[in-house]
Amino acid sequence: MGNASINHRELLEDLLLTRRFEEKVLEVYQDRGIRELPHSSIGQEAVGVGACYPLEDDDILVPSLRTRAVMLLRAPLDEIVAGMYGTRSGPSNGRTTEHHMGSSEYGILGTTGMIGAHLNPAAGAALGNKVLDNDRVTVAFFGDGASQRSEFHSALNFATVQELPVIFVIENNHWTEASPIEKLVAVDDLADLANHGLPTKVIDGQDVEEVVDATATAAQRARDGDGPTLLEAKTYRYRPHAETMPEHRDEATLEEWRDRDPIELYRSRLLEEDFVTEDEIEEIDRRLQTRIDEAFEAAETDELPDEETMYHVYKDTEIDHWKGVVR
Amino acid sequence: MSQQVDVQAEQTEQTIRESLNQALYEELERDDSVILYGEDVAEYGGLYKISEGLYEEFGDDRVFDTPLAETTLGGSAVGAALAGARPIVEIMYADFLPIAGDHLINYAAKMYFNYGDETSVPMVVRSMYGTGDGHGLHHGQSPEAWFMNVPGLKIVMPSTPKDYKGLLKSAIRDDDPVLFLENKMRYGESGPVPEEEYTIPLCETDIKRRGDDATVVAIGGMVYEALEAAERLSDRGVECEVVDPRTVTPLDTDPILESVEKTNILVTAQEAPTFGGFGSEVAAQVIDDAFFYLDAPVKRVGAPFTPIPFAESLEEAYVPTAEDIETAVIDAIET
Amino acid sequence: MQEIKLPKLGQAMEEGLVDEWCVNEGDSVSAGDTVVIIESEKTVHELPADQDGRLLRKLIGEGETVPIGTTLGYVGTADEASEISAAPDSDSAAKTPTEKTQAELGQRAELDGRDEPIKLESPQADESGGIESATESPDTATTADGSINATPNARKAAQVHDVDVTAVGSALGVQQVQSEHVGKYVNDSSIANGGTEIRGSPAARRIAADNGVEIAAVGEELETDRVRMADIDRYLERKAEDSSPTDDRNAEPTNESNDPSPTVHETVSVTGGRKVMYDRMQTVSRDYGSTTTVARVDVTQLTSLTESLKEPWQKYHDVSPSITAFVLRAVAEALPEYRILNAEIVEGDGSGDDPLVRQFEDVNLGVAVDTEHGLLVPTIYGADERSAVELGERVTQLAEQARNHDLEMDQQQNATFTVSNAGTFGAYINTPQINPPQTGILGVCTVNEEPGIVDDEVVPRKIMHLCLTYDHRVVEGSTAVQFLQAVKHRLEDPHSLLS
Numbered sequence: 002m003g004n005a006s007i008n009h010r011e012l013l014e015d016l017l018l019t020r021r022f023e024e025k026v027l028e029v030y031q032d033r034g035i036r037e038l039p040h041s042s043i044g045q046e047a048v049g050v051g052a053c054y055p056l057e058d059d060d061i062l063v064p065s066l067r068t069r070a071v072m073l074l075r076a077p078l079d080e081i082v083a084g085m086y087g088t089r090s091g092p093s094n095g096r097t098t099e100h101h102m103g104s105s106e107y108g109i110l111g112t113t114g115m116i117g118a119h120l121n122p123a124a125g126a127a128l129g130n131k132v133l134d135n136d137r138v139t140v141a142f143f144g145d146g147a148s149q150r151s152e153f154h155s156a157l158n159f160a161t162v163q164e165l166p167v168i169f170v171i172e173n174n175h176w177t178e179a180s181p182i183e184k185l186v187a188v189d190d191l192a193d194l195a196n197h198g199l200p201t202k203v204i205d206g207q208d209v210e211e212v213v214d215a216t217a218t219a220a221q222r223a224r225d226g227d228g229p230t231l232l233e234a235k236t237y238r239y240r241p242h243a244e245t246m247p248e249h250r251d252e253a254t255l256e257e258w259r260d261r262d263p264i265e266l267y268r269s270r271l272l273e274e275d276f277v278t279e280d281e282i283e284e285i286d287r288r289l290q291t292r293i294d295e296a297f298e299a300a301e302t303d304e305l306p307d308e309e310t311m312y313h314v315y316k317d318t319e320i321d322h323w324k325g326v327v328r
Numbered sequence: 101m102s103q104q105v106d107v108q109a110e111q112t113e114q115t116i117r118e119s120l121n122q123a124l125y126e127e128l129e130r131d132d133s134v135i136l137y138g139e140d141v142a143e144y145g146g147l148y149k150i151s152e153g154l155y156e157e158f159g160d161d162r163v164f165d166t167p168l169a170e171t172t173l174g175g176s177a178v179g180a181a182l183a184g185a186r187p188i189v190e191i192m193y194a195d196f197l198p199i200a201g202d203h204l205i206n207y208a209a210k211m212y213f214n215y216g217d218e219t220s221v222p223m224v225v226r227s228m229y230g231t232g233d234g235h236g237l238h239h240g241q242s243p244e245a246w247f248m249n250v251p252g253l254k255i256v257m258p259s260t261p262k263d264y265k266g267l268l269k270s271a272i273r274d275d276d277p278v279l280f281l282e283n284k285m286r287y288g289e290s291g292p293v294p295e296e297e298y299t300i301p302l303c304e305t306d307i308k309r310r311g312d313d314a315t316v317v318a319i320g321g322m323v324y325e326a327l328e329a330a331e332r333l334s335d336r337g338v339e340c341e342v343v344d345p346r347t348v349t350p351l352d353t354d355p356i357l358e359s360v361e362k363t364n365i366l367v368t369a370q371e372a373p374t375f376g377g378f379g380s381e382v383a384a385q386v387i388d389d390a391f392f393y394l395d396a397p398v399k400r401v402g403a404p405f406t407p408i409p410f411a412e413s414l415e416e417a418y419v420p421t422a423e424d425i426e427t428a429v430i431d432a433i434e435t
Numbered sequence: 288m289q290e291i292k293l294p295k296l297g298q299a300m301e302e303g304l305v306d307e308w309c310v311n312e313g314d315s316v317s318a319g320d321t322v323v324i325i326e327s328e329k330t331v332h333e334l335p336a337d338q339d340g341r342l343l344r345k346l347i348g349e350g351e352t353v354p355i356g357t358t359l360g361y362v363g364t365a366d367e368a369s370e371i372s373a374a375p376d377s378d379s380a381a382k383t384p385t386e387k388t389q390a391e392l393g394q395r396a397e398l399d400g401r402d403e404p405i406k407l408e409s410p411q412a413d414e415s416g417g418i419e420s421a422t423e424s425p426d427t428a429t430t431a432d433g434s435i436n437a438t439p440n441a442r443k444a445a446q447v448h449d450v451d452v453t454a455v456g457s458a459l460g461v462q463q464v465q466s467e468h469v470g471k472y473v474n475d476s477s478i479a480n481g482g483t484e485i486r487g488s489p490a491a492r493r494i495a496a497d498n499g500v501e502i503a504a505v506g507e508e509l510e511t512d513r514v515r516m517a518d519i520d521r522y523l524e525r526k527a528e529d530s531s532p533t534d535d536r537n538a539e540p541t542n543e544s545n546d547p548s549p550t551v552h553e554t555v556s557v558t559g560g561r562k563v564m565y566d567r568m569q570t571v572s573r574d575y576g577s578t579t580t581v582a583r584v585d586v587t588q589l590t591s592l593t594e595s596l597k598e599p600w601q602k603y604h605d606v607s608p609s610i611t612a613f614v615l616r617a618v619a620e621a622l623p624e625y626r627i628l629n630a631e632i633v634e635g636d637g638s639g640d641d642p643l644v645r646q647f648e649d650v651n652l653g654v655a656v657d658t659e660h661g662l663l664v665p666t667i668y669g670a671d672e673r674s675a676v677e678l679g680e681r682v683t684q685l686a687e688q689a690r691n692h693d694l695e696m697d698q699q700q701n702a703t704f705t706v707s708n709a710g711t712f713g714a715y716i717n718t719p720q721i722n723p724p725q726t727g728i729l730g731v732c733t734v735n736e737e738p739g740i741v742d743d744e745v746v747p748r749k750i751m752h753l754c755l756t757y758d759h760r761v762v763e764g765s766t767a768v769q770f771l772q773a774v775k776h777r778l779e780d781p782h783s784l785l786s
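Residue numbers (the numbering used here), protein chains in the order written: chain A, 2 to 328; chain B, 101 to 435; chain C, 288 to 786.
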């Protein structure tokens with residue numbers, strides 16, 4: 002164990018929350034559909050959960066659309082689910098999708114539908130925090146796909162040269178949409194793409210404790226004013242890129258990764274070392290399941306937003322939104 | 101936010117360059133969350149020397165040079181603004197804005213809409229446009245129309261030194277993302293600037309010259325051309341009202357409509373190609389809201405639908421001038 | 288849409304003259320309004336609109352003579368204007384038989400409602416050896432029928448500028464449109480806009496509506512087809528002046544005594560039928576050798592006769608016997624002996640051809656009738672074959688029709704000689720003017736009680752003067768006098784006229 006002190010029961014609960022939530026999403030989506038197309042994080046929950054664990058509540062998280070753990074650990078469950086349904090209790094009352102929600106209150110930086118577009122804004126958030134002279138760390142999550150983009154390099158370069166308090170976490174699940182990473186990148190470790198003068202570390206994304214540990218170290222470095230760190234967490238997703246896409250990946254490889262399921266790995270270890278009992282886990286699971294079911298029920302009966310909700314474009318200027326001119 | 105300018109206030113003659121530098125200085129001094137960065141803006145003082153002396157005054161925490169990466173400029177400004185800072189980035193030429201376009205269009209413009217808690221993106225992107233210096237295809241385009249169609253962005257294109265200063269200060273204090281476009285051909289223009297601290301509110305159309313016979317709505321550098329055309333036309337007995345919206349989006353149309361209701365003739369002037377441009381939008385707004393006051397076809401002055409040519413003769417033919425505005429007004433009157 | 292064609296107005300008629308367009312292109316007309324006044328060999332006729340709309344196009348200018356059947360213009364709605372833009376052009380396009388041409392011809396045929404698209408409106412073209420035939424080479428010069436041709440280059444230029452060669456031709460008054468004409472037309476918007484609908488700017492329309500003014504009226508008054516705000520003001524000022532009961536002098540009485548010029552009561556345009564009269568009398572006074580000879584006729588017997596015939600004529604014919612009926616009868620009987628007076632003059636064309644006098648077999652008498660619309664001259668066909676009572680009936684009938692503005696076209700055409708009765712107004716001696724191209728006219732004057740000599744005794748007699756005006760260029764004085772005497776003798780022996 003590294004320098005992070007871990008409340009194992011809490012960390013396990015974070016993992017179970019993410020897993021049960023993603024299972025529920027799949028179940029509901031297959032049963033009756035959800036407006037927001039699920040991009041399931043099942044199989045790679047330990048990266049988001051582990052990276053969030055050692056952070057302070059006011060640190061800024063910049064998730065990819067698959068880093069569901071960030072949303073679940075920062076935002077109210079009801080709001081997240083409503084955000085998937087586009088109802089009025091969702092983030093920004095239905096104006097936007099849960100995937101890209103932003104909230105200063107929850108410390109989640111809003112993102113866009115452009116893969117990797119959030120990396121420079123993450124560096125910028127770190128710059129802002131540096132200028133404002135607070136102690137906040139920014140953590141950006143992104144997949145192997147984003148690491149192939151120029152934003153990856155320009156953001157890392159800028160953050161490094163400006164010594165910004167930011168952590169870049171690659172969730173390398175080995176598949177960029179429907180293409181295997183080895184076809185798209187010529188290095189074994191994506192961390193090797195970054196030769197920008199910042200520390201990089203390749204970690205086991207299935208081992209939540211290793212993720213916690215590495216993130217804690219990087220966060221400390223950032224807070225110390227020593228600049229950014231790049232972590233590459235190796236992981237795997239059990240589902241296709243999006244639920245509309247058919248599965249065409251090798252079943253054997255998938256099984257290999259399933260054998261190292263991050264929740265099961267951590268659960269077994271905790272049971273083995275008597276940190277928790279089966280009954281306690283069942284009890285946690287039951288409680289989580291109830292919360293999740295209630296959140297979905299609430300969203301399914303929530304109302305759709307009024308038209309007025311979308312007339313929210315400029316903060317400082319009132320306009321006629323149909324004419325596009327000053328009112 | 102705005103402080104009304106006292107017309108009696110002492111004024112000094114300043115160039116646009118000086119007034120911009122002063123605006124940046126005053127805002128950096130006033131608010132610690134304001135930062136200024138971009139290519140060569142710090143030690144070099146900016147390619148057009150707009151930020152000269154600011155690095156020396158405020159240090160490299162507040163004024164600093166950045167890598168040659170517009171994605172970083174645009175993207176980091178969004179992030180910094182979302183985190184609570186007030187970044188001003190300089191993108192050397194407006195022609196390079198498309199590189200930062202994703203961050204301007206998909207990020208900066210949409211985060212206030214995307215957030216549910218009134219978080220907005222108080223950033224300013226300063227960028228230079230202006231044709232006539234032989235810079236050719238990629239260093240002088242007038243980009244307002246590229247971004248006009250993006251809800252959430254504000255586009256400011258001032259004309260006079262006083263407006264430049266007052267509007268830049270307002271842009272920096274504004275909570276929405278502002279694209280602040282500076283005409284690089286006009287940095288040397290001078291005019292009276294109040295000595296006292298002042299701001300000029302965004303989204304307020306200004307009347308630069310009064311006249312009853314024709315309304316010329318000109319934007320940015322074309323305001324000078326419109327004023328020159330108005331003087332020439334005045335010699336012929338035609339009095340033009342020169343209307344300067346100053347903010348392209350969101351556009352303050354009321355003064356434009358009022359002017360057209362008085363003069364019944366509308367001519368628009370812009371440096372960008374006429375088609376699909378600012379003038380077209382002004383024309384459409386007027387046709388929509390003041391159709392029955394129009395007494396002549398609307399004439400739009402702008403560049404042809406070609407890239408900015410390099411050769412001197414071609415560039416001369418390309419750039420819209422006072423003469424073009426004069427002709428357009430006469431055309432409208434004599435139609 | 289109404290296609291106004293030159294009608295065949297008489298058996299001998301082959302061509303007609305466009306005398307006057309009564310409305311301008313773009314002007315609105317109502318059904319029944321006279322659109323164009325045409326002149327055939329013997330008469331003037333007004334061609335009316337058969338529908339409400341506008342005069343969309345004039346194809347033939349004033350003063351041009353064209354064959355019967357020629358399209359003079361179109362009346363229709365503004366929407367239909369586009370239909371005709373292609374139509375006349377098809378004539379010229381027909382010279383290059385391309386697919387497009389055929390399409391245009393087809394369109395034209397549809398427009399005409401006929402199956403045969405070719406040479407529809409140029410009967411003269413047939414006579415002139417098929418100049419207008421569809422297969423003729425494209426370099427044919429000016430057409431004989433007044434329609435407009437265009438060179439291939441002109442058509443190409445017209446296509447480039449999206450204008451109609453016919454419009455170019457009519458605007459510039461050329462029949463053979465060259466490419467430079469197209470250029471001129473395109474560059475001079477005032478020409479190009481000459482035939483377009485009057486349009487108001489949005490602001491002008493608003494202000495016009497506020498003032499209850501029609502944009503079209505403003506355009507017509509100010510002779511512009513684009514009405515701007517300032518035009519409304521000018522129009523209103525002009526109307527205010529017009530409707531003002533006082534003119535400048537009355538407004539400033541001090542000037543009244545100083546200004547010797549007469550105060551204008553009313554200024555009236557000489558238009559329509561009056562313009563026809565104006566032009567024709569000008570022609571006559573300028574060109575004709577008009578000479579008048581007068582006969583003093585004793586109509587004592589004739590008046591007794593008409594008095595005695597009153598009851599039977601009214602009873603059996605529903606007509607009162609009139610001096611006019613007997614004069615007509617006398618004239619009709621005498622004319623065949625003096626055919627130079629039952630004739631028309633065909634002027635030389637200036638190229639050295641001699642003028643001709645066409646002497647007619649038929650005796651068709653024009654009878655001048657004064658109506659509130661002006662002087663009309665209905666025709667009594669075959670007057671020499673009609674009895675006095677028939678002539679009386681006919682005159683009564685035609686006069687009523689004339690007064691009711693109800694004369695058919697042919698009822699105003701083809702007269703070979705004219706009788707004008709100014710006597711009803713009390714004229715003692717009235718010298719009439721010839722109705723060109725006729726050669727003579729007989730003026731009937733009032734009947735007065737005068738002392739006459741019968742059997743060497745002075746007794747009261749009823750005396751009437753007959754004034755014969757003849758064109759002394761072609762009619763000998765003696766012939767005229769003899770003819771007049773022949774009429775006189777017949778009238779003084781009225782029973783001979785009852786045969």
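The beta carbon of each residue, even a glycine, is placed where N, CA and C say it ideally should be.
query, result
"Which chain C residues sit within Cβ distance under 8 angstroms of tyrosine 393(B)?", "Pro489, Ala490 and Arg493"
"Tell me the DSSP secondary structure of glycine 338(C) in three-state form.", "The amino acid occupying residue 338(C) in the given sequence is glutamine; glycine does not appear at that position. Three-state DSSP puts glutamine 338(C) in coil, outside helix and strand."
"Which partner residues of serine 674(C) appear in the DSSP bridge assignment?", "Paired residue(s): none; serine 674(C) is not in a bridge."
"Which residues does DSSP pair with methionine 751(C) in a beta bridge?", "Val584(C) and Val734(C)"
"Using beta-carbon positions only, say whether glycine 356(C) and glutamine 289(C) come within less than 8 angstroms of one another.", "no"
"Excluding the five sequence neighbours on either side, which residues of its own chain have a C-beta within less than 7 angstroms of the C-beta of phenylalanine 280(B), listed in chain order?", "Val224, Val225, Arg226, Val256, Leu268 and Ala271"
"What residues in its chain sit with their C-beta under 6 angstroms from that of serine 476(C), if we drop five residues either side in the sequence?", "With a pLDDT of 49 at serine 476(C), under the threshold of 50, the modelled position of that residue is not reliable, and the figure given next carries that caveat. Closer than 6 angstroms at Cβ, skipping near neighbours: no residue."
"Quick one: measure Cβ to Cβ for isoleucine 116(B) and tyrosine 287(B), integer angstroms, because I've assumed they're closer than 8 angstroms.", "5 angstroms"
"Using only the alpha-carbon positions, how far apart do proline 122(A) and glycine 175(B) sit?", "5 angstroms"
"Put leucine 136(B) into one of helix, strand or coil per three-state DSSP.", "strand"
"Could you tell me the alpha carbon to alpha carbon distance between arginine 240(A) and isoleucine 168(A), rounded to whole angstroms?", "27 angstroms"
"Could you check whether aspartate 202(B) and alanine 332(A) sit closer than 8 angstroms to each other, using their CB atoms as the reference points?", "Outside the displayed span of chain A (2 to 328) sits residue 332(A), for which this structure offers no information."
"Please work out which residues of its chain come closer than 7 angstroms, Cβ to Cβ, to aspartate 136(A), disregarding the five sequence neighbours upstream and downstream, and give them in chain order.", "Arg224"
"Can you give me, in chain order, the residues of the segment 226–258 of chain B that have a beta carbon less than 8 angstroms from any beta carbon in chain A?", "Pro251, Gly252 and Lys254"
"Assuming methionine 696(C) and proline 294(C) are in contact, meaning their beta carbons sit under 8 angstroms apart, how far apart are those beta carbons, in whole angstroms?", "6 angstroms"
"Could you check if arginine 162(B) is buried or exposed, using at least 16 other CB atoms within 10 Å of its CB as the buried criterion?", "buried"
"So, for alanine 200(B): in the same chain, excluding its five sequence neighbours on each side, which residues have a beta-carbon less than 8 angstroms away from its beta-carbon?", "Glu170, Thr171, Leu173, Gly174, Gly175, Ile191 and Val225"
"So alanine 396(B) contacts chain C; which residues on that side make the cut at Cβ distance below 8 angstroms?", "Ser488 and Arg515"
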